[in-house]
Each structure stands twice: as C-alpha cells, then as structure tokens.
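Be aware that the sequence shown starts at 9, since it is given in our numbering, and climbs by one per residue. Note that CB positions come from ideal geometry on N, CA and C, so glycine has one too. Every value quoted in this text rests on a predicted model; they were computed, and no experiment measured them. What follows is a single structure, written as structure tokens, with notes after it.
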Amino acid sequence: MENIVFPQGFLWGSATAAFQVEGATDADGRTDSIWDEFCRQPGKVVGGDCGEPAADHYRRFEQDVAMMADLGLQAYRFSIAWPRVRPDAGEVNQKGLDFYKRLIDTLRENDITPWPTLYHWDLPQALEEKGGWANRDTAFRFADYAAATVEALGDRVDAWTTLNEPWCSAFLGYAAGVHAPGRTEPRAAVAAVHHLLLGHGLANDTIRAASPNAQVGITLNMYPIIPVDPRDPADLDVARRLDGLQQRIFLDPLLKGEYPADVVADLEPFGFADNIHDGDLGVISGPMDMLGVNYYTEHYVSSSANGSEPGPSPWVGVQQASFPVRDAPTTDMGWEVRPDGLTSVLLRVHHDYPKLPLYITENGAAFRDDFSGNGAIDDVDRTGFIASHLRAAHTAIMAGVDLRGYFCWSLLDNFEWAEGYAKRFGIVHVDYDTQVRTPKMSARWYSRVARDNALVSVS
Ligand code: IFM
C-alpha cells in the first residue's frame, strides 16, 4: 500500500464542459455557438457528429449528480454556455440561467461544490460574425455575460473561473483553424490572445464587485516545453518562443502585469502590440484568488524537421518547430504519458510567479475502452495514468506548492472537439445510443482516493 496522503481539505472533483456533454443545443432558447457552426462544415470533426445528443447532460443532470454523490466526489467543474444565457449575445435568457440554477442547487443538495467556468470555447456565433475574439468589443460583451450570470447565480457559487485554456481559443481557433471558428489568421490569433485576457480581467472585476466573498481565477493549459538538444541554440530558441506563446504570454500579464518583451518582439510582424490600450494590463492583472492548471503531457521540440513533420503551426511565427516522437507510452490521443511534467509545471508557476493557490482543473486520458465479459470496463491504463499524475502532484505539494485540489478530466465520455466522439476521456462510460452510464474501474478507484484523501494502490 502506498502512503501518499493529501493535505486536509484537499478538494477532489471531476470536470466537464457545456458543449462537450450537454446536448439540447436548441432547447429553451439556446442559439448557435461557434462550435455548432464549425461542426456543420464537412471534414472539420471526425465522424461529423457534434453537439447532439452528446451525453444528454442537460436532461440527465440529476442522474449525473446522483452518480457523482455515489462516487463521493466533492466538487464538479462544469461550464456555463454563453449561448444559453445570452442567446445570440443579446438579451438575458432566464430559461438558460434556470438550467444552471437547477444544476447548482442539485449539486449543493448533494454536498458537491459547484465550480463553474464562464467560457469553455462556445462563443455565440453572432459575436463571431462581428469578428469574434479578434474584435476588442467581444471582451466587453463577455463581461456583460459574466455580470448577468453572477447576478443570477452568485448567491449559490463560491468559486468562479473566467476562461478555460485561452491558448486553445486563440491559437487553435484563429491561427491553426483546427478548432472553431476555424480561421487561419495569425494577426487575428494574437489579437484574440489580448482580448481574451482583457475579457478575463473585466469579468474578474465584475465578479469581485458582485460577489466579494467568491474566489475567482482562470484556467490555463500548461506544458513543459523541452528542447531536443539543449546545447543547440536553434532548439533552445524554438523552445523559448513556444514557451512564450504557450505559457508566458498568459502568465506574465495575469500575474506580473506585463507581456514578456521577447514575445512582444516575436509577435511584432503580427501587430500584437497594436491591440494593447492604455490601462489594459492593469485590468488583466487584477487580483485573483486561484489559478487552474490543466495538464496532459510535455512538448518535446526541435528546430529541425527530423521526427514528425512541422505541419501547419498553430504557434504563430514558429514555423520551424517540429515535435519529434520519443519512446514513451502514449494515450489514445497520441500524447506521451509524462507525469513528471505535471510536477515541473506546478513548480514553475510556484517559483516564477507571485504565489497563489493552485488547482489542477483538468488531468486525465483518452484510452480505448472495452467491456469485459461481466459488463465492466477495467480501464487499468486510465487508472494508472491518474495515479501516476496524483503522485506527481503530491511531489509538488511536498516541495511547497500550494495545490488545493484535483479535478479529473472527465466525469463522462464526451465530445472531444475535432476528434468527435471517438476519443473517450470519461471515468464514466457513456453509451451514446442508449445514454446508459457505466462507471469504469478508474471511477471506482478515484472514488476511494477521494474518500480516503490518499492514494490507494491500483488493484
Ligand atoms: O476535452 C478537452 C477539454 O475541453 C479542454 N482541455 C483538454 C481536454 C482534452 O483534450
């Protein structure tokens, strides 16, 4: 038996996001998001199936909350769909807010802490038609949406997250074009970075004014970026640039009140600095109570194209980077299993930035799941993945990192964006034809970890 005990009060949860699980895309006044529109375009999403019925969570949330309670989960991280609350980015839609009221009340009745995120990539399509995140006005519309949401739900919520993984929204959506809205415009991508951060800052102010006792934070996806040859200046430079665009372009303005000078210089050809108005950095760097860290793998990068081909780079201005393949186990996403990288990112934030409480708001893995003869899914690989990452998180805590909780991604199998429904991240299996839920072995094991507040042997 391992003896890995987490600090008292450590929060154990699981996570989902609205468009990935809810379904009911035209119920109760919801209108299109950029993902509804993106999904209609042929070839954008594997399998072509998108928001319907997903895991039908909109209609089955009571059953799902009961399942979380059975599993002993203490918190549920979910996202609120902007196109439900302000359809077409227009007037407030009471029916949309009522859904989240019911969800939150059901969670609280079951002693599960609601942990909502305001934006997990589902921008109202009506705003994309006005320029999307490349348009500065979208940041202000986001603050309006945040204000309406907090006014309606603030008496029930103690922890708010503004944005999930703004890197994906900006670079995958506006530069690489592999996520909605599918644009391949580097100038728009770097404008989107700044406007997402501005939206965060404006929403942060709004939430703090309306709900002074609530904690407010943002969630970033973090990866150690490792040069293949640390003696090769070209590899080192690629790693610096990618780290700048992936991590520091978000962490520095949020936590230090300035953009990194090298990144601003790298992005000069794309007019990045032109987006920054006087006073913006003060708004962006407003006080925060916590930082969410999403961790999946490391990035191993080279300046030469040996290894994997560079391909269309979502990392603006780093066209020469390649991502060689190392000899390591990978998940069904093709991502290397690298638990030590989680310790590294937590230590990095701890050492390089002003200290604030951290939460792992996503960590988990897609693997191919098979039912065994007795109808169970013995997902040894996913269980092992989570166990190894919890060990890595614990190592960071022992080194002094103020890590307060862990949310496994994901509670339910769901819509994995451009990969469609083929990739399964859930600790609970969803049969998309019948909507039957089957907790996998990882769910039963994770349930014990949450109840014991300690890592128990994988068996
Ligand atoms: O499914 C996504 C989630 O929406 C955001 N973080 C990464 C997950 C796995 O790709």
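Examine ligand 1 and report whether any of its heavy atoms sits within less than 6 Å of the Cβ of Asn371. The count along the sequence shown starts at 1 and reaches residue 371 at position 363. Not under cutoff, so the answer is no.
Can you give me the start and stop residues for the beta strand (DSSP E) that Cys416 sits inside? Here residue 416 refers to the residue found at position 408 of the sequence shown. In the DSSP assignment, Cys416 falls within the beta strand (DSSP E) that extends over Leu411 to Trp417.
Give the C-beta separation of Ala247 and Ile233 to the nearest angstrom, bearing in mind that I take them to be a contact with Cβ-Cβ under 8 Å. One-based indexing of the sequence shown puts residue 247 at position 239. One-based indexing of the sequence shown puts residue 233 at position 225. Indeed, because the Cβ distance is near 5 Å, the residues count as touching under 8 Å.
Using CA atoms only, rank isn't needed, just tell me which of Pro124, Val100, Glu99 and Asn101 is closest to Leu111. Position 103 of the sequence shown holds residue 111. Nearest option by C-alpha distance: Pro124.
Is any heavy atom of ligand 1 found at a distance shorter than 6 Å from the C-beta of Ala426? Numbered from 1 along the sequence shown, position 418 holds the residue referred to as residue 426. No, ligand 1 has no heavy atom inside 6 Å of this Cβ.
Looking at the strands, I want to know which residues DSSP matches up with Met298. In the sequence shown, counting from the first residue as 1, residue 298 sits at position 290. Beta-bridge pairing links Met298 to Gly225.
Collapsed DSSP secondary structure at Arg445 in the structure displayed: Taking the first residue of the sequence shown as 1, we reach residue 445 at position 437. Reduced to three states, the DSSP call for Arg445 is strand.
Helix, strand or coil: how does DSSP classify Asn283 here? On the sequence shown, position 275 is the one that residue 283 refers to. Helix.
Is it buried or exposed, Gln71, if we count other Cβ atoms within 10 angstroms and call 16 or more buried? Stepping through the sequence shown from its first residue, residue 71 is reached at position 63. Gln71 should be labelled exposed.
If you run the structure through DSSP and keep just helix, strand and coil, what is His437? Working through the sequence shown from its first residue, we reach residue 437 at position 429. DSSP places His437 in strand when its eight states are reduced to three.
If you count every other CB in all the chains shown that lies within 10 Å of the CB of Glu370, and 16 or more means buried, which is it? In the sequence shown, counting from the first residue as 1, residue 370 sits at position 362. Under this definition Glu370 is a buried residue.
Span of the beta strand (DSSP E) around Ala183: Here residue 183 corresponds to residue number 175 of the sequence shown, with the count starting at 1. Neither: Ala183 is in no beta strand (DSSP E) and is coded neither H nor E.
For the structure I just gave you, are there three or more beta carbon pairs, one from the region 78 to 88 and one from the region 446 to 460, closer than 8 Å? yes
Tell me, which residues are paired with Glu370 by DSSP? Here the question's residue 370 lines up with position 362 in the sequence shown. Glu370 pairs with Asn302.
Measuring CB atoms only, is the region 238 to 253 touching the region 187 to 197, in the sense that at least three cross pairs come out at less than 8 Å? no
Run through DSSP, which three-state label would Pro194 get? As a working note, residue 194 is residue 186 in the sequence shown. In the displayed model, Pro194 falls within a helix according to three-state DSSP.
Ala63 Cβ short of 6 Å to ligand 1 heavy atom set: On the sequence shown, position 55 is the one that residue 63 refers to. False, no ligand heavy atom lies under 6 Å from that Cβ.
Does at least one heavy atom of ligand 1 sit under 6 Å from the Cβ of Asn302? On the sequence shown, position 294 is the one that residue 302 refers to. Asn302: yes, Cβ under 6 Å from ligand 1.
How long is the line joining the alpha carbons of Phe375 and Pro337, rounded to whole angstroms? For the purposes of this step, residue 375 is taken as the residue at position 367 of the sequence shown. For the purposes of this step, residue 337 is taken as the residue at position 329 of the sequence shown. Distance between the alpha carbons of Phe375 and Pro337 is about 12 Å.
Which listed residue (Asp119, Ile88 and Arg94) has its alpha carbon closest to that of Lys109: Numbered from 1 along the sequence shown, position 101 holds the residue referred to as residue 109. With distances taken between Cα atoms, Lys109 lies closest to Ile88.
Can the beta-carbon of Ala23 be found less than 7 Å from the beta-carbon of Trp417? To locate residue 23, count along the sequence shown from 1; it is residue 15. To locate residue 417, count along the sequence shown from 1; it is residue 409. Result yes, Cβ atoms of Ala23 and Trp417 sit closer than 7 Å.
Mind checking which residues open and close the alpha helix (DSSP H) that includes Gly104? In the sequence shown, residue 104 corresponds to position 96, counting from 1. Looking at the DSSP string, the run of the alpha helix (DSSP H) that includes Gly104 is Gln102 to Glu117.
Distance CB(Val409)-CB(His358) smaller than 7 Å: Position 401 of the sequence shown holds residue 409. Position 350 of the sequence shown holds residue 358. Contact check for Val409 against His358 passes: the beta carbons are separated by less than 7 Å.
Excluding the five sequence neighbours on either side, which residues of its own chain have a C-beta within less than 6 Å of the C-beta of Gly207, listed in chain order? The residue given as residue 207 occupies position 199 in the sequence shown. Closer than 6 Å at Cβ, skipping near neighbours: Ala147 and Phe150.
Please state the DSSP three-state secondary structure of Ser511. No statement about residue 511 is possible, as the shown extent of the chain runs from 9 to 467 and does not include it.
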